[in-house]
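Protein chains in written order, with the working numbering: chain A, -8 to 415; chain B, 5 to 167; chain C, 248 to 414. For reference, the structure is listed below as structure tokens.
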Amino acid sequence: MENKINEVPRINFVDPEEAAIYKALQKQSEIIIEDKLENTMVLNMGPQHPATHGVLRLLLKLDGERVVGCVPELGYLHRGYEKLAENMTYYEYIPHTDRLDYLATMANNVHYVLAVEKLAGIDIPDRAKWIRMIVAELSRIASHLIGIGTMAMDVGALTILLWSLREREKIQSIFDKVCGARFTTSYTRIGGVASDIDDEGIAMIKKFIDEFPFYLHEMEKLLHTNKIFLDRCEGIAYISKEDAIAIGFTGPNLRGSGVEWDLRVKQPYLFYDKVDFKVPTYTEGDALARYYVRVDETLESCKIIRQCLEKMQPGSIIANEPKKVLPKKEEIYTRMEELIHDFMLVNFGMNPPKGNIYAGFENPKGELGFYIVSQGKGYPWKLKIRSPSFNNLQALPMLVKGHLVSDVVAIIGSIDPVMGEADK
Amino acid sequence: MGLEALLRGEDFITTTIDEVIAWARKSSLWPMPMGISCCAIEFIAVNDPKYDLSRFGAEVARFSPRQADVMIVAGTVTYKMAHVVRRIYDQMPSPKWVIAMGACTSSGGMYRSYPVVQGIDQFLPVDIYVAGCPPRPDNLINAIIELQKKVEKTRARDFQDKI
Amino acid sequence: METKLTNQIVLNKIKQKFPSAILSTEEFQGDFILYVDTNQIHELLKFLKEDSELCFEQSTDITAVDWATRKNRFSMVYQLLSYKNNYRLRVMCYVDGSLHHPTVSDIWPGANWQEREVYDMYGIIFDNHPDLRRMYLPEYFEKYPLRKDYPLMGNPGDFKLPTIIED
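This is how it looks when you write it as structure tokens:
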């Protein structure tokens, strides 16, 4: 009888659908330790897992405790966004953009509406631009708070998550006061914003940005000199400058590797060229550097909001272009012209000129871009969403090789993906 | 309050075993959050210091189905994910309940498109549907209270033959 | 950093090296678009990345458009970004009738998943791609959803629901 212990165990495919993924895993893995062991194990970090930021499936090929190959599988949250966009008007699509990066909802709204306004060539009034900047920066703080909190929670520090959620609740109360919904706001409109911020809202924002640095400092005192946190995150998943650019990183991940690139500074939109802020950049390129970039960016956002509140003047908040922008509700009920325009815009959509544009903006996670092809009708012929988390996750197989299984969780936390955006 | 008033003067209280078991089950419903998308963030917000879920005994969110009582499906379920959700539901020991949180799980929500299952009751038995997109945390706490009222009426022998 | 490149400089440089590749150009709302001949697309993109002055280090996005009624039904769109010059460029070319197209994942590693997504949604097959599988949809699914002849709600029976085992 042959000695069956030395045979490499073969995997029996019960599911013919899974065969392609396992084949890709075989191709991808390489043994990097000197003595080549014959028994490697395939571990499935499945779509339902407490630490993979959403429904991300990872197939890891392990040699003992070290990872030698990794194949991520997306698509468990694919909701058909691009096909939906071809069947509805530009206005009707605004609530859908909320749910893309569902941690920074206002930022997605602002960027989508900016892309459509670039296509149609609409100018918006100044006060609307300042308000859009304020809400986009508030949602940047909210998104980075979750990024900080979940990375700390994955590494083991549960207190930080509850403290950062407490701060996030304050931001959500501000959104509740400004636009009526605390989480999935659909606040911006093509041509401006839906409603103005009153004095009480401004007082709430001022109170928040005055108190926030103190609470952030409390979190820093607890975590940044903790030996366990530093040992678990320092030196993990190093990526060099050229690799980061080539693989498609954008956002805080790129700035953690030494590339000083921020779309708010290089290709400014709204009034970002009139406010003064730093772009935090760290050159180490490991998980800890990416974490520090996010912490520093929240303080920079507080600075931006303070300057916006000083420079904002009273004025109108929606543009005056009757053929493309929805008119005011009071006028619809009393005047004839506005009633006709409202009917045409809601039923047949705003008709931008024929052509195609690409507009990329700085989301908290990276560069969010919209590529819109318009044939002159009320609905787009094609709308493609360039999502930052999708391109950031592409680097995961490269970053994970050679590390232990427990580092995989810290690496995913440092990349900070959101599956609603990566799966579209 | 409740128990001391009954015990004043006497040394025992009378009840039925069914009521005691139902009271114990309803006061310690351990949820398993099947957090798929945006509703999961509102579920996390229910656990934070402002809307406290541990008042109702449900703060212990167990991510392993073998240790949980109620599965809260939070987020859009696609056809690819439906197999995973059903597998996890089959692994939970009974008595088990399901809360369908949000519009996407109740009826497909705002996504009327090819990959989204239009309502999870096509493959799971649902007990409570929660409306909202996403439901406010107060709404989810209301759903847990309604589920507690439903659990209070069950009897111990309802779950006798199920695994 | 100001833009050192203008549209005219880029156009002249490409015309010097590939005199017959560019079919037409377009400028729309501040974007610069090049329409390129399909046979020379791979060499042109390689030149755009490796030239020391143009230096387009990152492919921001790769996608395809389905023109339902034109003679060439699909066209590929490449969005390129140059960090050194702070300049964006778009290159479009038609896909020929056999639906095979050369891959650019050997030029930019970031194009790997982007091309897989185009294959999943439109069915365009990329030659010499290292790992051409479906990205978002399950492997048993046979259609290509973003084509214009696929309905929004899908055909009944395209996807399978889980089987329910009664205990």
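By construction, the Cβ of each residue, glycine as well, lies at the ideal position given by its N, Cα and C atoms. Predicted, not measured: the structure shown is a model, and the values here were computed from it.
- Leu105(A) has its alpha-carbon roughly 26 Å from the corresponding atom of Ser117(B).
- Setting aside the 5 residues that flank it on each side, Gly242(A) is surrounded in the same chain by Glu353, Asn354, Pro355, Lys356, Gly357, Glu358, Pro379, Asn383, each with a C-beta closer than 8 Å to its C-beta; the list follows chain order.
- Closer than 7 Å to the CB of Thr80(B) there is at least one CB belonging to chain A.
- Tyr341(C) is not a Cβ neighbour of Asn375(C), given a cutoff of 7 Å.
- Counting the other Cβ atoms within 10 Å of the Cβ of Ser329(C) gives 16 or more, which makes it buried.
- In the DSSP assignment, Gln326(C) falls within the beta strand (DSSP E) that extends over 321 to 329.
- Taken in chain order, the unbroken stretches of beta strand (DSSP E) that lie wholly in the region 345 to 374 of chain C and span 3 residues or more are 347 to 349, 372 to 374.
- Between the beta-carbon of Met114(B) and that of Val74(B) there is about 26 Å, and that puts the pair past the 8 Å contact cut.
- Distance from the CA of Gly226(A) to the CA of Lys320(A), rounded to the nearest whole angstrom, comes to 57 Å.
- Residue state for Ala386(A) is assigned as coil, using DSSP reduced to three classes.
- Taking CB atoms only, Ala72(B) has no neighbour in chain C less than 7 Å away.
- At a C-beta separation below 9 Å, Glu160(A) has these neighbours in chain B: Ala49, Asp52, Pro53, Lys54, Tyr55.
- Check the Cα spacing between Phe166(A) and each of Tyr229(A), Lys218(A), Met97(A): the tightest is with Met97(A).
- In this model, Val134(B) and Ser322(C) are separated by some 44 Å (Cα to Cα).
- In the DSSP assignment, Glu64(A) forms a beta bridge with Arg48(A).
- For Thr310(C), the chain A residues whose Cβ falls inside 7 Å of its Cβ are Tyr362, Lys375, in order along the chain.
- Using a Cβ distance threshold of 7 Å, Asp313(C) and Arg394(C) count as a contacting pair.
- Pairing Ala386(A) with Val146(A) gives a Cβ-Cβ distance that is not under 7 Å.
- Cβ proximity to chain A below 9 Å picks out Met114, Tyr115, Arg116, Ser117, Tyr118, Pro119, Val120 from the region 114 to 131 of chain B.
- Arg66(B) is outside the set of residues whose beta carbon lies under 7 Å from a beta carbon in chain C.
- Counting only Cβ-Cβ distances below 8 Å, Glu46(B) has contacts in chain A at Phe174, in chain order.
- Neighbourhood of Phe294(C) in chain A, by CB distance below 8 Å: empty, with the nearest CB roughly 17 Å away.
- Lys232(A) and Gly276(A) have their alpha carbons spaced roughly 8 Å apart.
- Around the beta carbon of Asn259(C), a 10 Å sphere encloses fewer than 16 other beta carbons of the protein chains shown; the residue is thus reported as exposed.
- The region 163 to 182 of chain A and the region 282 to 298 of chain A do not touch, with fewer than three beta-carbon pairs separated by less than 8 Å.
- Secondary-structure assignment with DSSP links Pro37(B) through a beta bridge to Ile76(B).
- Residue environment: His208(A) is assigned as exposed (fewer than 16 neighbouring CB atoms within 10 Å of its CB, all protein chains considered).
- If you keep only unbroken alpha helix (DSSP H) runs of at least 4 residues inside the region 90 to 132 of chain B, you get 107 to 111.
- Residue range 269 to 275 is occupied by the beta strand (DSSP E) that includes Thr272(C).
- Spanning the alpha carbons of Trp121(A) and His102(A) requires a straight line of approximately 14 Å.
- Among the bridge pairs identified by DSSP, Arg377(A) is matched with Gly360(A).
- Rounded to whole angstroms, Val62(A) and Gly393(A) show a C-alpha spacing of 14 Å.
- For Arg337(C), the enclosing beta strand (DSSP E) starts and ends at 334 to 341.
- Under the Cβ criterion of 7 Å, Met96(B) is not counted among the residues facing chain A.
- Note on geometry: alpha-carbon atoms of Ile331(A) and Tyr334(C) lie some 42 Å from one another.
- Three or more pairs of CB atoms, one per stretch, sit closer than 8 Å, so the region 66 to 82 of chain B contacts the region 33 to 49 of chain B.
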